[in-house]
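Here the protein sequences come in this chain order: A and B. Going by this note's numbering, the first sequence opens with residue 1, and the numbers climb by one from there. Going by this note's numbering, the second sequence opens with residue 1, and the numbers climb by one from there. No residue lacks a Cβ here, since even glycine has one placed at the ideal position from N, Cα and C. Quantities reported herein were computed from a predicted structural model and do not represent experimental measurements. The next block holds one structure in the form of structure tokens; read it before the comments.
There are 2 protein chains.
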Amino acid sequence: MKSNLPELMQQANLDALLITGSAQHNAAMTYFTGSVHVGQADLLVPRGKEPIFVFHNPMEREEAAAAGLRIKDGNEYKPIQLLKKSGGDPLKAIALRYQLMFEEFGISGRVALYGKVEAGPILTIIRHLETLLPDVEFVGENNLNSTLIKARTTKDDYEIEQIREIGKTTIEVVGRTAELLGTSPVKNDVLQDKDGDPLTVGKVKNRINLWLAELAAENPHGTIFAPGRDGGIPHNSGQAETPIRTGQPIVFDIYPCQTGGGYFFDFTRTWCVGHAPDEVQQVYEDVLDVYNRVSEAIKPDTLCRIYQDLTCELFEKKGYATVRQDPALTSGYVHSLAHGVGLEVHEGPYFRSTETNTDMVKKGSVITIEPGLYYPERGFGVRIEDTVWVRPDGELEIVVDFPKDLVL
Amino acid sequence: MKSNLPELMQQANLDALLITGSAQHNAAMTYFTGSVHVGQADLLVPRGKEPIFVFHNPMEREEAAAAGLRIKDGNEYKPIQLLKKSGGDPLKAIALRYQLMFEEFGISGRVALYGKVEAGPILTIIRHLETLLPDVEFVGENNLNSTLIKARTTKDDYEIEQIREIGKTTIEVVGRTAELLGTSPVKNDVLQDKDGDPLTVGKVKNRINLWLAELAAENPHGTIFAPGRDGGIPHNSGQAETPIRTGQPIVFDIYPCQTGGGYFFDFTRTWCVGHAPDEVQQVYEDVLDVYNRVSEAIKPDTLCRIYQDLTCELFEKKGYATVRQDPALTSGYVHSLAHGVGLEVHEGPYFRSTETNTDMVKKGSVITIEPGLYYPERGFGVRIEDTVWVRPDGELEIVVDFPKDLVL
């Protein structure tokens, strides 16, 4: 969590973080600023000192102040003069502005770069800065286990509250979706909407988006609502025109965030309307059994990758093929067990089984648990996923729960 | 437009573009792929040749195919072996993968880097590539007038169709918002919702988000709905708890995009419910007059910045202070006239008055026209904005229109 950052920066031998970009939909920045309506900003985070939030559009001065941080108006660096000094080179002018910022706030040494931005301009800006500030070393850490990601792999009380809030919204929408499917009339095995037309994936997704909007959530990555064969390919999101049929399993994976790019929730159920085919029922029960066994096994202060191994082992014992036997597998257990959830829908800790993955389950982690089995050639997939919190007492708690029934 | 890209790449002496990141909410990538549900991808665009869309998550193979481009499964480069070869360094492993990709598809020479990504990892990956591929020069162009932005500053028929589609959605929502404000009961000068409670900015924004979701649009940057003093600071977005009052001007700036990160529209009206104060009426008429005069003046194949100068001149003649007299101005005409609109809400051509701005108005450009006057100390601001298309015949056409009445 944020309070660990000075120690983590010390371990990585970092003197400061430089986070750039927007304050919305930019997890590294939003982690400090909250989601404020500031489009062009820099955040300086000197180790163990108060961050400085530099905004560059004077029209955004009050929105910047709403972050509650020490703020600085970047226009005080006189960008028009800097543009002249740079010989009319806008990226060099920005580098000159960073030089002034670094001087004013005493930033030097090893500085890690963060923020979701266009790749081209930042590359050129850093090249200019390497000339302008030869004593500063700009560090580009691996996004999977960077210093900031390490801090973010455990959540403080405020963050748990935010994730619970978006979790309640998500589960409300899941409940309404179940209600819609469970109460729609059926004609020739196809669900009907209130106009007597087939209820399609597109119509269901529209309703989901409406409900999310009504409850003040955003859905920047869309929703997976994938019946039949589409559900057999984990990231197929479902085709709008596909009608919903009774007895056909649907993989429903929903992962909205708080408005403005706040915290995410991640949740999956597999449903059959009316009845389930026997082979789907059997696979479902096996996935649920693995879900339960793995959930019971997960303990804090252990390596994440052992649970991916455990999941593979449990599936293999039941006779299913797994990704550890063949990384290119497309039928069976084809992905990893889990990932962290926070200001990004996928963040650390990661559960990849590679030896280089040293991510740990920790007290305060918020992670998914999401085993699944996929059979595109047999026309179905099954996944069960909850977002769980590893509490300070070491117990796992499903952040917001929903029944795990296959048949609606 | 896209067909100009080979020539623009030739002018910039570029042999290829490398675009990385997601295919959603990543304008440079979406420009080629459309909004497909592919989270990890690279697009290689060799000059004058077919682009190659490399996806890295085998679960996304069918979504990748939906882009209709030549596709390549990045897992064929055997990422686990590359990780071993890199000594367990994931960013070096990615650089090794780029090396193989560049070899396979004959990419060499000057390669411009694009895509919205985390700044840190790409910096390190490029540093590795500079060692691995000494004959390749990675170019980070200025985002304001990069080669790709230059192509995007003119739109082809497909793009105009997309912008018109999101424009119709936007104007439908604007109409519903006007209807809501115009028909709400009033008690003590405060608009009431249907429960008899004050109608607030937050409630109006919720309705706007609902309507946008219903019409399959996204609102990733939020909405400005700023009454009174908040409207006097151009990027203040309005505070949720503020009640809507009759006679108080509201700046309503709405800029949604197609679902999944497609094309944007950008639109502003300033409204007073019931009646307008005289000073607001006067300022409104002056902004509208400048809007009309500037709209008539804009012609293709001219420098954008001359219209910012013209706007300042027209406002100054009417006795208003402008940003060309004082770049730090906060009362009067404080921003620039216009910007391009497309896969980003702000893109080229830009209308900044700086001498280094050589952006041109061209046939096929889609731009805003948005003069405004701001008086936070007097408790109001006025802005009028349309999205207009510079047609192939050189005439300006408002893409989707709405009446310009101050009083609802």
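query: Hey, B/Thr270 and B/Glu385: beta-carbon distance below 7 Å or not?; result: no
query: Using a threshold of 7 Å, state whether the C-beta atoms of A/Leu8 and A/Ala151 are closer than that.; result: yes
query: What in chain B is Cβ-close to A/Gln24, meaning under 9 Å?; result: Pro220, His221, Gly222
query: Taking 7 Å as the CB-CB cut-off, is A/Gly88 touching chain B?; result: yes
query: In chain B, what lies closer than 7 Å to A/Phe53 by C-beta?; result: Simply none; closest approach about 15 Å.
query: What residues match up with A/Glu214 in a beta bridge as DSSP calls it?; result: A/Glu214 pairs with nothing; no bridge assigned.
query: At a cut-off of 6 Å, would you count B/Gly196 as near the ligand GTP, judging by its Cβ distance to the nearest heavy atom?; result: This structure does not include the ligand GTP; it has no bound ligands of any sort.
query: Using DSSP with H/G/I as helix, E/B as strand and the rest coil, what is B/Leu43?; result: strand
query: Buried or exposed: where does A/Ile208 fall if 16 or more other Cβ atoms within 10 Å of its Cβ makes it buried?; result: buried
query: Looking only at its chain, what residues have a beta carbon closer than 8 Å to the beta carbon of A/Leu212, apart from the 5 residues adjacent to it on each side?; result: Thr169, Val173, Glu218, Asn219, Pro256
query: Quick one: what's got a C-beta closer than 8 Å to A/Pro51's C-beta in the same chain, skipping five residues either side?; result: Phe32, Leu43, Leu44, Val45, Leu69, Arg70
query: Curious, which full-length alpha helix (DSSP H) runs of at least 4 residues does the region 261-333 of chain A contain?; result: 278-297, 305-317
query: Around the C-beta of B/Thr259, are 16 or more other C-beta atoms found within 10 angstroms, so that it is buried, or is it exposed?; result: buried
query: Short of 6 Å in beta carbon distance, which residues of its chain neighbour B/Phe265, apart from the five on each side in sequence? Order them along the chain.; result: Ile166, Gly167, Thr170, Thr387
query: At what residue ranges does the region 362-394 of chain B contain a whole run of the beta strand (DSSP E), taking only runs of 3 or more?; result: 366-369, 372-375, 380-383, 386-390
query: Quick one, which residues of the region 243-277 of chain A are near chain B if we go by CB-CB under 7 Å, in chain order?; result: Gly260
query: Residues in its own chain within less than 7 Å of B/Gly115 by CB, not counting five upstream and five downstream?; result: Ile19, Thr20, Gly21, Asn26, Ala28, Met29
query: Could you work out which residues of chain A lie near B/Val334, taking near to mean beta carbons separated by less than 9 Å?; result: Pro58, Met59
query: In angstroms with no decimal places, state the Cα-to-Cα distance between B/Leu144 and A/Ile94.; result: 13 Å
query: Sort B/Pro349, B/Glu296, B/Ile107, B/Gln248 by Cα distance to B/Leu408 and report the nearest one.; result: B/Gln248
query: Is any beta-carbon of chain B found at less than 7 Å from that of A/Lys205?; result: no
query: Measure the Cβ-Cβ separation of A/Cys304 and A/Val361 and say whether it is below 7 Å.; result: yes
query: First and last residue of the alpha helix (DSSP H) that includes B/Val173?; result: 157-183
query: Quick one: list the residues of chain A neighbouring B/Lys116, beta-carbon separation under 8 Å, in chain order.; result: Lys116, Val117, Glu118, Ala119
query: Are at least three pairs of beta-carbons, each pair with one atom in the region 318-332 of chain A and one in the region 107-124 of chain A, less than 8 Å apart?; result: no
query: Under a CB-based cut-off of 7 Å, is B/Ala227 close to chain A?; result: What sits at residue 227 of chain B in the sequence shown is Pro, not Ala. So, not an interface residue.
query: So for A/Leu96, helix, strand or coil by DSSP?; result: helix
query: Given A/Gln308, which residues of its chain have a CB within under 6 Å of its CB, disregarding the five upstream and five downstream residues?; result: Ser336, Leu337, Phe351, Ser353
query: Per the contact definition of three or more C-beta pairs closer than 8 Å, is the region 363-373 of chain B in contact with the region 129-141 of chain B?; result: no
query: For a cutoff of 7 Å on Cβ pairs, would you count A/Ala64 as touching chain B?; result: no
query: Spell out the partners DSSP gives B/Phe55 in its beta bridges.; result: B/Ala41, B/Asp73
query: Starting from A/Met360, follow its DSSP beta bridges and name the residues at the other end.; result: A/Leu303
query: Can B/Ala16 and B/Val36 be called in contact, C-beta distance under 7 Å?; result: no
query: Taking 7 Å as the cut-off, decide whether the C-beta atoms of A/Gly196 and A/Ala240 are in contact.; result: no
query: Note down the Cα distance separating A/Cys312 from B/Tyr263, rounded to an integer number of angstroms.; result: 43 Å
query: Check each candidate in A/Lys49, A/Glu60, A/Phe102, A/Asp393 and name the one with the smallest Cα separation from A/Glu130.; result: A/Phe102
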